[in-house]
Amino acid sequence: MIRVVKAEARKLKRRSLLLSTFATVGGLSGLFTAIVYLMINSASGNSKRGERISALQLSQPDGLVYGFKLVGAFLGIVALCIFASQTAQEYTYGTLRNLLVRQPSRMKILVGKFISMKIYALLMVIFAGGFSIALSYALAGHAKVSTATWSSHAALVILGQTTLNIFISTLCFGTLGMILGLLFRSPIGAIATGVLWTLILENIISALIANTAKWMPGQNFSNIGEGGSAIASYKYSLLISAIYLLLGSSLVAILFKRRDVAN
Amino acid sequence: MEKLAISATDLTKKYGERTALSHANFSVPAGTICGFVGPNGSGKTTTIRMLLGLISPTSGTGTVLGENISLPEKYLPKVGAMIEGPAFYPALSGLENLKVLADLGGFPVERAEELIAKVGLGDRGGSKFKTYSLGMKQRLGIAAALLPNPELLVLDEPTNGLDPSGIQEVRELIRDLANRGTTVFVSSHLLSELEMISEYLVMLREGKVIFSGRTHDLLAGAEPIIVAKPEYEVDLTKLVKLIEDTGHAVAVRDGAVHVTSAKEWAPTLNRLAFEAGITLATITTAQQTLEETFFEMTEDEA
Chain A
0 MIRVVKAEAR
10 KLKRRSLLLS
20 TFATVGGLSG
30 LFTAIVYLMI
40 NSASGNSKRG
50 ERISALQLSQ
60 PDGLVYGFKL
70 VGAFLGIVAL
80 CIFASQTAQE
90 YTYGTLRNLL
100 VRQPSRMKIL
110 VGKFISMKIY
120 ALLMVIFAGG
130 FSIALSYALA
140 GHAKVSTATW
150 SSHAALVILG
160 QTTLNIFIST
170 LCFGTLGMIL
180 GLLFRSPIGA
190 IATGVLWTLI
200 LENIISALIA
210 NTAKWMPGQN
220 FSNIGEGGSA
230 IASYKYSLLI
240 SAIYLLLGSS
250 LVAILFKRRD
260 VAN
Chain B
0 MEKLAISATD
10 LTKKYGERTA
20 LSHANFSVPA
30 GTICGFVGPN
40 GSGKTTTIRM
50 LLGLISPTSG
60 TGTVLGENIS
70 LPEKYLPKVG
80 AMIEGPAFYP
90 ALSGLENLKV
100 LADLGGFPVE
110 RAEELIAKVG
120 LGDRGGSKFK
130 TYSLGMKQRL
140 GIAAALLPNP
150 ELLVLDEPTN
160 GLDPSGIQEV
170 RELIRDLANR
180 GTTVFVSSHL
190 LSELEMISEY
200 LVMLREGKVI
210 FSGRTHDLLA
220 GAEPIIVAKP
230 EYEVDLTKLV
240 KLIEDTGHAV
250 AVRDGAVHVT
260 SAKEWAPTLN
270 RLAFEAGITL
280 ATITTAQQTL
290 EETFFEMTED
300 EA
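As given, the protein sequences belong to chains A and B, one line each in that order. Take 0 as the starting number for the first sequence in numbering that gives the first Met the number 0 and just add one per residue. Take 0 as the starting number for the second sequence in numbering that gives the first Met the number 0 and just add one per residue.
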């Protein structure tokens, strides 16, 4: 298993992928955090859906992770794209046959791939969090936000919880990407379907049909990152997400194990 | 009893109604070079994929290095393979691609560096795979197949895209490996190459094994041929008709007739052509090459 993780890590740490991922993650993290602090007095709001977050709110212990929380769902989309492309590319490049000749256990390939991408997602979340927090400190003075409570024990606990929640949320999106990658066997098909569904179709369905949001996988993955919301509790989203992902993973694992590698 | 590197018993693969391979029976003795030939779509790659555990047979069985093909994890660590051309990650360098496979197989990464140099890619090992020419990609594929220091090397069209010196290098490499006890199972369209290096042959046509055995036995069993070329190409049809009327098998290749017959019949053919008003520009007798035998065996009933 460790061998598969090492081999996958070698692919994931290629410079072009690392640069593009971390530039995207840094850019998103910086953008969302900067909006919160630089538009603090804006009439059009400084948070999602025009919500206004005041300096007083940001001065609380959870103010430290406000920007980080906003970027959480987008980290999930980045993970979905990476997991999907890293999985489906083995089919499009025809490299799966090389992998299976060197490691005939298909389950080891699958689990090893997942572990290495999980580590990659963790690094991505830590980077996004670190960048957002550093920027929050840098912009706090400009927004007249007091940072006194940000180094308190309560703030550190919130930081730990938020990082864990965003990591779980990112992992859920990533796992969905991997499932789609194995189903579609094409990076473009898998990414297009995943992004279209989670970002657009789920929102349209939720808007048109009442009470459907809490059944949507993408909405629940995002809800985990936010630590729960009015739509669904944190535990509910964890349970629903786990059910969806377990069913999806079991299906693709069976397909991956049994399907002939004919390309 | 002869030790076998590969054996297939009634190996069959069906895709829906289509039979890609039908009841294939053949064996490859250990330590030999075995050519695997057949027209496109005859089932070569399907067979190779079944032997490597990539696709499962519909029925029948086989062994590789003494292990059943249903348990590829038992023999694949000792097998090197390049299937249907080289497939690698375009954004990684040739060396990094090899290191990925070295990591996966548990081989030291230094082995990847050695092999990059061995196949003549030393100075381009750090370049991205997508910048490689077809010949370079092929060399990298061969290097990847050599990673485990294999007991059995399976090569599918290893000389595709290589220049004549590259082809010669591959031939020497295969011979060198065989001399050191590696069994090489190689498919190629370059039948003259296979004739030079293969002691054994497995020949497929339309998913069926039509020959499996020593190359020498196949060629010795083939009848000699007379090759005659008329001065004017327009006379070819007339010449073919003339020969067919005598009851000899005849085929037209490259503007000449190939008549399956003993060399003693050549003067008769010359005379018959002359009497029919056809001038022969050349007439020669020869033993059939592997290519001619292949065409004869794969075209007759096709």
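Think of the CB as a built atom: it goes at the ideal place given N, C-alpha and C, for glycine as much as any other residue. Values in this document were obtained by computation on a predicted structure and should not be read as measured data.
Test item: CB-CB of Leu103 of chain B and Arg2 of chain A under 7 Å: yes
Distance between beta carbons of Gly84 of chain B and Gly180 of chain B, contact taken as under 8 Å: That belief does not hold up - the Cβ atoms of Gly180 of chain B and Gly84 of chain B are roughly 27 Å apart, past 8 Å.
DSSP state of Lys228 of chain B mapped onto helix, strand, coil: Three-state result, Lys228 of chain B: strand.
Min CB distance Ser19 of chain A to chain B below 7 Å: no
Buried or exposed (CB count within 10 angstroms, at least 16 for buried), Lys256 of chain A: exposed
CA nearest to the CA of Leu250 of chain A, picked from A:Leu181, A:Lys213, A:Ile223, A:Leu37: A:Leu181
Residue span of the alpha helix (DSSP H) that contains Leu69 of chain A, given as start and end: 65-91
Own chain residues within Cβ distance below 6 Å of Leu51 of chain B, not counting five before or after: Ala80
Chain-ordered chain B contacts of Ser104 of chain A [CB-CB under 7 Å]: Glu72
Bounding residues of the beta strand (DSSP E) (the contiguous stretch that carries His152 of chain A): Where His152 of chain A is concerned, there is no enclosing beta strand (DSSP E), although the alpha helix (DSSP H) it sits in stretches over 152-183.
Buried/exposed call for Met135 of chain B, threshold 16 Cβ in 10 Å: buried
Members of the region 4-19 of chain A that neighbour chain B once the beta carbon cut-off is set at 7 Å: For the region 4-19 of chain A, which is checked against every Cβ of chain B, the residues closer than 7 Å are Lys5, Ala6, Arg9, Lys10, Arg13, Ser15.
Chain A contact for Asp155 of chain B (CB, 7 Å cutoff): So, not an interface residue.
Rounded C-alpha distance that separates Leu114 of chain B from Asn45 of chain A: 58 Å
Among B:Glu16, B:Thr259, B:Ile32, the one whose alpha carbon lies nearest that of Ile242 of chain B: B:Thr259
Status (buried if at least 16 other CB within 10 Å, exposed otherwise) for Lys129 of chain B: Flag for Lys129 of chain B reads exposed.
CB contact below 7 Å: Val183 of chain B versus chain A: no
Rounded straight-line distance, which links the Cα of Thr44 of chain B to that of Leu238 of chain B: 39 Å
Same chain only: Cβ atoms within 6 Å of Trp149 of chain A, ignoring 5 sequence neighbours per side: Leu63
Alpha carbon of Asn148 of chain B to alpha carbon of Leu10 of chain B, nearest angstrom: 28 Å
Sequence-distant residues of its chain with Cβ nearer than 6 Å to Phe266 of chain A (five each side left out): The structure shown does not extend to residue 266 of chain A, since chain A is modelled only from 0 to 262, so the question has no answer here.
8 Å Cβ cut-off: residues of chain C touching Phe87 of chain B: Protein chains A and B are contained in the structure displayed, whereas chain C is not.
Cβ-Cβ separation, Ile165 of chain A to Gly224 of chain A (assumed contact under 8 Å), whole Å: 5 Å
Through-space distance from Thr169 of chain A to Thr8 of chain B, alpha-carbon basis: 50 Å
Short Cβ contact (7 Å threshold) for Gly254 of chain B with Glu290 of chain B: For Gly254 of chain B and Glu290 of chain B, no; Cβs fall outside 7 Å.
Bridge-paired residues (DSSP) for Ala285 of chain B: B:Ile224
Beta-carbon proximity check, Val36 of chain B vs Ile5 of chain B, cutoff 7 Å: no
Contacts that Arg48 of chain B makes with chain A (C-beta to C-beta distance below 9 Å): Under the 9 Å cutoff, chain A gives Arg96, Asp259, Val260, Ala261.
C-alpha distance - Val185 of chain B paired with Val118 of chain B, whole-angstrom precision: 18 Å
Alpha-carbon to alpha-carbon, Met123 of chain A and Gly227 of chain A: 22 Å
Beta-carbon proximity list for Thr60 of chain B, same chain, < 6 Å, skipping 5 on both sides: Thr8
Within chain B, the residues that Arg2 of chain A reaches when beta carbons sit closer than 8 Å: Asp102, Leu103, Gly104, Gly105
Arg9 of chain A vs Lys127 of chain B beta-carbon contact at 7 Å: no
Proximity of Ala265 of chain B and Thr288 of chain B at Cβ, strictly below 7 Å: no
CB contact flag (Val35 of chain A, Gly66 of chain A, <7 Å): yes
Separation of Leu91 of chain B from Glu112 of chain B, as counted between CA atoms: When rounded, the distance between both Cα atoms is 15 Å.
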